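The working numbering puts the first residue of the sequence shown at -9, with every later residue one more than the last.
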Amino acid sequence: MLPPRFTIVSDLFATSFQRWRDHVGPLTLLTILFCLLAWIPVLNIALSVGYIRYLLKLSRGEEADLGDLFRGWDCFLPALLYAVVLSVGYFLISLLPVLGVLLATLLVLVTLPGYVAVVENRMDVTTAFRWSTETLRSDPLNWGIILISCSFLFSLGALFFGLGLLITLPLATLIFICQYLRHQPDWY
């Protein structure tokens, strides 16, 4: 029998895998479209919003369609601002000697839930950064396990000439989103 904290993680993985397995065809097509088009500047922000919204709907058991990928323009500016602030922060922190890259990577991991909150609730950037750090502080063990596991899945997918990402990208993102939904901001 697993300790209660690990039961939560186990349930998240099981739920995410079930959703992924039930929708593997549309998820693969969605991921192919996303990967083919996401390299285009400006379009990539709107596509990431659409991709996350599709997976949010799927995680909640709502009906999602492939067109959701292209419906991220209504949240383009807040998502762009969040990405720019995060990129500048990453760049500046990574300039620090010795531990800079590690601290910059930690910054990105700590602020990832805020990006989903911006996409979903259209929070302003400062509120999303604050909420993200408070959320990770409230449940660091489960968030740590989820973030490390998702990073491992992304890496595993990249090992197979990038083709593995067609499988691991949606699965890892579903796992992350299920954890996000456990801590979803309820004051908005």
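All C-beta atoms, glycine included, are put in the ideal place defined by N, C-alpha and C.
Note that the structure is predicted; figures quoted are calculated from it, not measured.
Does any heavy atom of the ligand GTP sit closer than 7 Å to the C-beta of residue i?
{"i": "I165", "result": "Looking at this structure, you won't find the ligand GTP or any other ligand, since it has none at all."}
Considering only their Cβ atoms, is the gap separating residue j from residue i smaller than 8 Å?
{"i": "Y72", "j": "Y105", "result": "yes"}
{"i": "V100", "j": "S122", "result": "yes"}
{"i": "L59", "j": "F24", "result": "yes"}
{"i": "T158", "j": "L146", "result": "yes"}
Which value, in whole angstroms, describes the spacing of the CA atoms of residue i and residue j?
{"i": "W177", "j": "F151", "result": "For W177, the pLDDT reaches just 48, beneath the cut-off of 50, and the residue's location in the model is therefore unreliable, although a value from the coordinates is still provided. C-alpha separation (whole angstroms): 42 Å."}
{"i": "V39", "j": "F7", "result": "22 Å"}
{"i": "T5", "j": "E52", "result": "14 Å"}
{"i": "T116", "j": "R127", "result": "17 Å"}
{"i": "P160", "j": "L19", "result": "11 Å"}
{"i": "C168", "j": "G90", "result": "30 Å"}
I need the DSSP call for residue i, collapsed to helix, strand or coil.
{"i": "V100", "result": "helix"}
{"i": "D114", "result": "coil"}
{"i": "L82", "result": "helix"}
{"i": "P16", "result": "helix"}
{"i": "Y178", "result": "A caution first: Y178 carries a pLDDT of 39, below 50, which makes its placement in the model unreliable, though a value can still be read off. Here Y178 sits in coil by DSSP."}
{"i": "A28", "result": "coil"}
{"i": "Q169", "result": "helix"}
{"i": "D1", "result": "helix"}
Cutting at 8 Å between CB atoms, please list the residues of its own chain near residue i, excluding the five before and the five after it.
{"i": "L33", "result": "L27"}
Can you name, in chain order, every residue of its own chain whose Cβ lies under 6 Å from the Cβ of residue i, other than the five neighbours on each side?
{"i": "T21", "result": "L156, L159, P160"}
Going along the chain, which residues of its own chain have a beta-carbon closer than 7 Å to the beta-carbon of residue i, five neighbours each way excluded?
{"i": "E110", "result": "L46"}
{"i": "P16", "result": "L56"}
Should the segment 67 to 86 be regarded as contacting the segment 130 to 140, the criterion being three or more beta carbon pairs within less than 8 Å?
-> no
Contact between the segment 48 to 60 and the segment 159 to 168: three or more CB pairs below 8 Å?
-> yes
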